[in-house]
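Residue numbers (the numbering used here), protein chains in the order written: chain P, 1 to 293; chain V, 1001 to 1297. Here a beta-carbon is modelled for each residue, glycine too, at the ideal position from N, C-alpha and C. Predicted model, so just to flag it, every value in this text is computed and none were measured.
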Amino acid sequence: MIGPRGMKPVRRLSPRNVIIYGTLTILALYYLLPLYVMVVTSLKGMPEIRMGNIFAPPVELTFEPWIQAWAHTCTGLSCDGLSRGFFNSVKITIPSVIVSIAVASVNGYALANWRFKGADIFFTILIIGAFIPYQVMIYPMVILLREMGLYGSLGGLVLVHTVFGMPILTLLFRNYFSSLPEELFKAARVDGAGFWSIYFNIMLPMSLPIFVVAIILQVTGIWNDFLFGVIFTRPENYPMTVQLNNIVNSVQGVKEYNVNMAATVLTGLVPLAIYFASGKLFVRGIAAGAVKG
Amino acid sequence: MAQAARRIGILRNLSAKFASVPMILTALIVYLGFSLWTILYSFTNSRLLPQTNWVGLAQYERLWSTRRWLISIENLMIYGSSMLVLSLVIGFVLAALLDQKIRFENTYRAILLYPYALSFIVTGLVWQWLLNPDLGVQHFVRGLGFPDFVFDPLSSSDFVLFGVIAAALWHGTGLVMCLMLAGLRGIDEDIWKATRVEGIPQWKTYLFVVIPMMKPVFVTTLVLITSGIIKLYDLVIAQTGGGPGLSSEVPAKYVFDYMFQSQNLAQGFAASTMMLAAVALVIIPWAFLEFGGKKRA
């Protein structure tokens, strides 16, 4: 008599699996629902929105709301659409990301490999400072920028993003550079390389992944910023988030929900694209900032 | 390392010091100096422009007798406690579900985390639209044959905060899930084997073995969620604008309005100093636990 051999076959449709996959799928649908509603609403005409329900797919597909939102919708007196906010956000984000990462990576490198007396004190202030609500520091910042003649300009906003992005980025780079083998640094020192040549010739080429993580972190963070945009820029320089809020929450005129939703999708498109393109690196960015912080 | 640096001397280390100038300036001027400046000027009666006419605690007395501030604080308490409990529970349950060695784990995680990539403005506007009484979810359910169905939190002063909480949970639970998942992955596989051999049910293992082991992750997450709660501003601006009436006002909005709209600077400084005090209440014990402990070890 030969009994059954080998491992018991795994039942794919065990009650346990049904519960797990069922729950996860329902949750996933719930999390996707707002995005779905946003997109669907932006592709309908206003009569269809009033007649039908919010979850119904568009019967008569129209891209008119997108064109309206991008090029014609009004904020205040100007009616050139959200495109202005988009290009403002691009003009704000690119230099802010470059400057903040350049400064923070050099800082982190100095902290990891060139410790000097007192450096840790400043770093501690910086890390504790990351928890201070922006509201506490914002008005003196306004005064400082006004004194420097930068208040309301793009340069001022770049400075603000650099200063307030510094704690998390410095931490990110410091931890990364500390994790690199010290022998490399020592060997370069023995060969007579100095501060900057080690940074540019050894550290930079080895730390591409962490730079990508930092770029993801900063692009989404700065693109999504609202508070600094509204305080430190003039209306003609308002970033996309501020303009979007002004468009949708304006009390004048008839509410065009389809145009509003098209504008909302447009504003979310950049961070969403980065998120889905970067995959695990995005998670690594927030985890690096969060867990070690 | 430290010894080597000392032997090199001050001049050889100059580049590193030079490179640290932005950090030193930021730490001293912005984080330390600006905060002290704001605290100092909260004891003045600055209105349109900051000036040094000292009035003692008058701004604070006025602050704590202003109805709008009291409502803001109460709202933050309700929002904060709900967010803390719900995002920790939901985040942990999601992480535990994803940790069952399932297929498509990456897809599920990507879907549960994507709202976190969106701004609070976008989040607030989408949820404002979903909760729109005339055309949103209420309208949809009524259309299904329940004409008396009421689901209109954003127009009700009693329920508006729950509309904000729903949006904030949608936005932020993915992050908590990711942190928790990282914590779960850090648990030794042998622990699971041991409890399985002992025949302890899975939920009990989570509750009495895994969660106590994940204490550091919980503490870090708690600190993160709390500092996010106190900063709550954009979401309210986009979703409710503080309304209806004053029923979804929050401290950060109070500060902003007094500083930049009502031209009553010192009142804004006093309110922001109270926000700083609230953060300190959370951060200082945590810093002692986290860093005080390490030094002793």
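| Check | Outcome |
| --- | --- |
| For Ala102 of chain P and Val219 of chain P, what's the separation of their Cα atoms in angstroms? | 14 angstroms |
| What does Thr1044 of chain V pair with, by DSSP beta-bridge criteria? | V:Trp1054 |
| For Gly152 of chain P, which residues does DSSP report across the bridge? | P:Thr233 |
| Would you check if there are 3 or more beta carbon pairs closer than 8 angstroms linking the stretch 1232-1244 of chain V to the stretch 1163-1177 of chain V? | yes |
| What does Gln1100 of chain V reach in chain P if we use C-beta pairs closer than 7 angstroms? | Ile20 |
| Count the other CB atoms, across all protein chains shown, that sit within 10 Å of the CB of Met1 of chain P; report buried if there are 16 or more and exposed otherwise. | Bear in mind that the predicted position of Met1 of chain P carries a pLDDT of just 47, short of 50, making it unreliable; the figure below should be weighed with that in mind. The residue is exposed, with fewer than 16 neighbouring Cβ atoms inside 10 Å. |
| To the nearest angstrom, report how far apart Leu1088 of chain V and Leu1222 of chain V are at their CA atoms. | 8 angstroms |
| For Pro78 of chain P, does the three-state DSSP call read helix, strand or coil? | It should be pointed out that residue 78 of chain P corresponds to Ser in this sequence rather than to Pro. Reduced to three states, the DSSP call for Ser78 of chain P is strand. |
| Using a Cβ-Cβ cutoff of 8 angstroms, what residues of the stretch 264-276 of chain P are near chain V? List them in chain order. | Thr264, Thr267, Gly268, Pro271, Leu272, Ile274, Tyr275, Phe276 |
| Comparing alpha-carbon positions, which option in V:Leu1048, V:Gly1268, V:Asp1148, V:Leu1125 lies nearest Ile1039 of chain V? | V:Gly1268 |
| Mind the definition here: the stretch 244-262 of chain P touches the stretch 63-77 of chain P only if three or more C-beta pairs lie below 8 angstroms; say whether that holds. | yes |
| What is the C-beta distance between Met1275 of chain V and Val136 of chain P, in whole angstroms, given that I count them as a contact (C-beta under 8 angstroms)? | 7 angstroms |
| Do Leu1048 of chain V and Gln1263 of chain V have their CB atoms nearer than 8 angstroms? | yes |
| Buried or exposed: Glu236 of chain P, going by 16 or more other Cβ atoms within 10 Å of its Cβ? | exposed |
| Could you round the C-beta distance between Trp1054 of chain V and Thr1044 of chain V to whole angstroms and report it? I think they count as a contact, below 8 angstroms. | 6 angstroms |
| Mind checking if Lys1231 of chain V is an interface residue toward chain P, Cβ cutoff 8 angstroms exclusive? | yes |
| To which residues of the same chain is Asn113 of chain P closer than 7 angstroms at the C-beta, ignoring the five residues directly before and after it? | Phe177, Phe185 |
| Listed in chain order, which residues of the stretch 235-254 of chain P have Cβ atoms closer than 7 angstroms to some Cβ of chain V? | Thr241, Leu244, Asn245, Val248, Asn249 |
| Taking only beta-carbon atoms, is Trp1037 of chain V less than 8 angstroms away from chain P? | yes |
| For Lys1101 of chain V, does the count of other Cβ atoms within 10 angstroms reach 16, so buried, or fall short, so exposed? | exposed |
| Looking at the C-beta of Asn107 of chain P, does it have a partner C-beta in chain V at a distance below 8 angstroms? | yes |
| Just to make sure I have the definition right: I need the residues of chain V whose C-beta is within less than 7 angstroms of the C-beta of Leu227 of chain P. Which are they? | Tyr1233, Asp1234 |
| Any beta-carbon of chain V closer than 8 angstroms to the one on Leu281 of chain P? | no |
| If you draw a straight line from the alpha carbon of Leu1098 of chain V to that of Arg16 of chain P, how long is it in whole angstroms? | 13 angstroms |
| Just by C-beta distance, which residues in the stretch 138-157 of chain P are closer than 7 angstroms to chain V? | Tyr139, Pro140, Met141 |
| Expressed to the nearest angstrom, what Euclidean distance is found between the alpha-carbon atoms of Val242 of chain P and Trp1203 of chain V? | 46 angstroms |
| Using the Cβ count rule (16 or more neighbours within 10 Å means buried), how would you classify Pro167 of chain P? | buried |
| Can you have a look at Ala1027 of chain V and say buried or exposed, based on whether 16 or more other CB atoms are within 10 angstroms of its CB? | buried |
| Can you pull the chain P residues whose beta carbon is under 8 angstroms from the beta carbon of Ser1119 of chain V, in chain order? | Trp223, Asn224, Asp225, Phe226, Thr241, Thr267, Gly268, Pro271 |
| What do you get for Glu1061 of chain V, buried or exposed, if any count of 16 or more other CB atoms within 10 angstroms of its CB means buried? | exposed |
| Given that Ile54 of chain P touches chain V, what residues does it touch there, using C-beta distances under 9 angstroms? | Trp1129, Leu1130, Asn1132, Leu1135, Gly1136, Val1137, His1139, Phe1140 |
| Return helix, strand or coil for Met1214 of chain V, following the three-state DSSP convention. | coil |
| Excluding the 5 residues flanking Ile125 of chain P on each side, which residues of the same chain have their C-beta closer than 8 angstroms to its C-beta? | none |
| Let me know the secondary structure DSSP gives Ser1247 of chain V once reduced to three states. | coil |
| Under three-state DSSP, which class holds Phe122 of chain P? | helix |
| Are the Cβ atoms of Thr93 of chain P and Trp223 of chain P separated by less than 8 angstroms? | yes |
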